[in-house]
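**Q** One structure coming up, written as structure tokens, with questions to follow.
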Amino acid sequence: MKISGSAHTLYPVDTFFGLLYTKDKVREIPHRYPFKGEWGRILSTHILEDEDDTVPQILDVVYLSVVEKKFYSVEERLRDSYLRECISEYPVTHIVIGMAPYGLVVVWVCGPLKSKYIDSYIGEEINVGMDQFAPSIEGVSLNDYCEECIEKFDDVKQNILHGGLPPKSLFVKYMQQFVYRYFPMLEKWDGDKWEPYKEEDPLRPQLDWCEESLYDGTYDKLHDGRLMNYHEAGKPKRLAVKWHVGKCEYSAYFWFDEVKICEIFDRFYGIHRDTKSDFIIRIDGEAKKYELALFRYGLKVPQVIPATAYQMIVFKNKFEDYRSENYDQPHGAWIW
Numbered sequence: 019m020k021i022s023g024s025a026h027t028l029y030p031v032d033t034f035f036g037l038l039y040t041k042d043k044v045r046e047i048p049h050r051y052p053f054k055g056e057w058g059r060i061l062s063t064h065i066l067e068d069e070d071d072t073v074p075q076i077l078d079v080v081y082l083s084v085v086e087k088k089f090y091s092v093e094e095r096l097r098d099s100y101l102r103e104c105i106s107e108y109p110v111t112h113i114v115i116g117m118a119p120y121g122l123v124v125v126w127v128c129g130p131l132k133s134k135y136i137d138s139y140i141g142e143e144i145n146v147g148m149d150q151f152a153p154s155i156e157g158v159s160l161n162d163y164c165e166e167c168i169e170k171f172d173d174v175k176q177n178i179l180h181g182g183l184p185p186k187s188l189f190v191k192y193m194q195q196f197v198y199r200y201f202p203m204l205e206k207w208d209g210d211k212w213e214p215y216k217e218e219d220p221l222r223p224q225l226d227w228c229e230e231s232l233y234d235g236t237y238d239k240l241h242d243g244r245l246m247n248y249h250e251a252g253k254p255k256r257l258a259v260k261w262h263v264g265k266c267e268y269s270a271y272f273w274f275d276e277v278k279i280c281e282i283f284d285r286f287y288g289i290h291r292d293t294k295s296d297f298i299i300r301i302d303g304e305a306k307k308y309e310l311a312l313f314r315y316g317l318k319v320p321q322v323i324p325a326t327a328y329q330m331i332v333f334k335n336k337f338e339d340y341r342s343e344n345y346d347q348p349h350g351a352w353i354w
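Per my numbering, the sequence shown starts with residue 19, numbered consecutively.
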């Protein structure tokens, strides 16, 4: 396994050092200036690093949150037994250390088709002298160092000007885990209500697979059916569903608005995030009718997720068949 760092694309970080300790070895998070990209993804790696399957036990990292202009330190014992368990489940290539504003540090294990959230920690703010942090830049101040980094990235700069730094609660909510399963329902829409297909109907759609990418930085493209079982997971960021009707192949892709999906999950689950729930995906490709909803035991009817909370596009035999009115994703956004 290799080691990598990660950070939110709008909230870059720079590391002073990042070390992972085993019983007899020290490994480092490969440096990148700055860490900036999709949360949870592999952003740095030592190409020539020897493969090492030893599971680290201690994490020690000091990093600069560029937008905040603050240093944070985290020194924690890792859940090494849980790490071993996750690594044995499916192919894993990297242990990824995510660094965010407010001292939030997250650990994932990542492979080509799946990643898994291990744990998160909140570090303490500390002072680091710039003569230690950037000794090659004589006389540079913390403010100037951060401003120079911000100026390099227009998306970061514009986000600061128009939105500023979100509250700490948003970054914490990214990592909240909920118990649910995806429950695709390939049915008929008669213009008023949903009707199931009869088992013997030759035009009855067949589900092929689901894929997900979540706001907690994880993804799952294994196609092993586990997403249709109850499991702990973050809030959905992107979702893909593939099905077929006879020889016709369909694929639908959903993108969820982070603020709206956070509000929907918070209202639905409240403080009981461990309540087993169904994430219903109702589909009628022929009628071009699609509906998402949440359901748990005790409700009379599912709670429909408003169409304004997500964008979607559908392909039939690789040609666009439907897109939501609010769809504005760039070309090729469904390839992820």
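Heads up, the beta-carbon is just placed ideally off N, CA and C, and yes, glycines get one too.
Keep in mind that this is a model prediction, so the values were computed, not measured.
Can you find the residues in the same chain that come closer than 6 Å, C-beta to C-beta, to R386, ignoring five residues on each side of it along the sequence?
**A** An answer regarding residue 386 cannot be provided, because it is not within the stretch 19 to 354 covered by the chain.
**Q** What residue from F297, G58 and Y108 has the CA that sits closest to V123's CA?
**A** G58
**Q** Rounding to the nearest angstrom, what Cα-Cα distance links C128 and V73 in this structure?
**A** 14 Å
**Q** Looking at C-beta atoms only, is the number of pairs between the segment 103 to 112 and the segment 141 to 160 that lie closer than 8 Å three or more?
**A** no
**Q** What is the DSSP secondary structure of P254, reduced to helix, strand or coil?
**A** strand
**Q** Going by alpha carbons, who is nearest to D98 out of I140, K41, N145 and V319?
**A** K41
**Q** If you count every other CB in all the chains shown that lies within 10 Å of the CB of S106, and 16 or more means buried, which is it?
**A** exposed
**Q** Taking the alpha carbon of V332 as the point to measure from, which residue in W354, I353, G350 and G303 has its own alpha carbon closest?
**A** G303
**Q** Just to confirm, are D275 and T326 a CB contact at a threshold of 9 Å?
**A** For the 9 Å CB-CB criterion, D275 and T326 form a contact.
**Q** Suppose you measure from the CA of Y192 to the CA of P185; what does that come to, to the nearest Å?
**A** 12 Å
**Q** Which two residues bound the contiguous alpha helix (DSSP H) that contains I282?
**A** E276 to Y287
**Q** Could you tell me which of S22, R222 and E218 sits nearest to R50, measuring between CA atoms?
**A** S22
**Q** Do you know whose CA, among R45, V79, I298 and S62, lies nearest V146's CA?
**A** V79
**Q** How is F196 classed by DSSP in three states: helix, strand or coil?
**A** strand
**Q** Using 8 Å as the threshold, is the segment 130 to 142 in touch with the segment 202 to 221, meaning 3 or more CB pairs across them?
**A** Fewer than three pairs of CB atoms, one per stretch, sit closer than 8 Å, so the segment 130 to 142 makes no contact with the segment 202 to 221.
**Q** May I ask you to list the residues that DSSP assigns as paired with T33?
**A** Y81
**Q** So, is I144 buried or exposed, given that buried needs 16 or more other C-beta atoms within 10 angstroms?
**A** So I144 counts as exposed.
**Q** Buried or exposed: K216, going by 16 or more other Cβ atoms within 10 Å of its Cβ?
**A** exposed
**Q** Using the DSSP secondary-structure output, state which residues sit across from F171 in a beta bridge.
**A** According to DSSP, F171 bridges with nothing at all.
**Q** In the DSSP assignment, find the beta strand (DSSP E) that holds F297 and state where it starts and stops.
**A** S295 to D302
**Q** Under three-state DSSP, which class holds V322?
**A** strand
**Q** Among K306, R102 and K170, which one has its Cα closest to the Cα of D339?
**A** K306
**Q** Can you give me the Cβ contacts of L257 inside the same chain, cut-off strictly under 6 Å, excluding the 5 residues immediately before and after it?
**A** E230 and F272
**Q** For L96, is the classification buried or exposed, using 16 other Cβ atoms within 10 angstroms of its Cβ as the cut-off for buried?
**A** Burial call: buried.
**Q** Could you check the C-alpha separation between S83 and L312 for me, to the nearest Å?
**A** So the alpha carbons of these two residues sit roughly 36 Å apart.
**Q** Tell me the DSSP secondary structure of V360 in three-state form.
**A** Outside the shown range of the chain, which is 19 to 354, sits residue 360, and nothing can be said about it.
**Q** Is the beta carbon of A270 closer than 9 Å to that of K255?
**A** Taking 9 Å as the cut-off, the beta carbon of K255 is found no closer than this to the beta carbon of A270.
**Q** What whole-angstrom Cβ distance do G141 and G116 have, given they're in contact under 8 Å?
**A** Actually they are not in contact, since the Cβ atoms of G141 and G116 sit about 12 Å apart, beyond 8 Å.
**Q** Using beta-carbon positions only, say whether L232 and G209 come within less than 9 Å of one another.
**A** no
**Q** Should Y268 and P223 be called a contact, given that it needs their Cβ atoms to be closer than 9 Å?
**A** yes
**Q** By a C-beta neighbour count over all protein chains shown, 10 Å radius and 16 as the cutoff for buried, is Y81 buried or exposed?
**A** Buried, since its Cβ has 16 or more Cβ neighbours within 10 Å.
**Q** Roughly how many whole angstroms lie between the Cα atoms of S62 and W212?
**A** 48 Å
**Q** Name the one or two DSSP bridge partners that H26 has.
**A** G55
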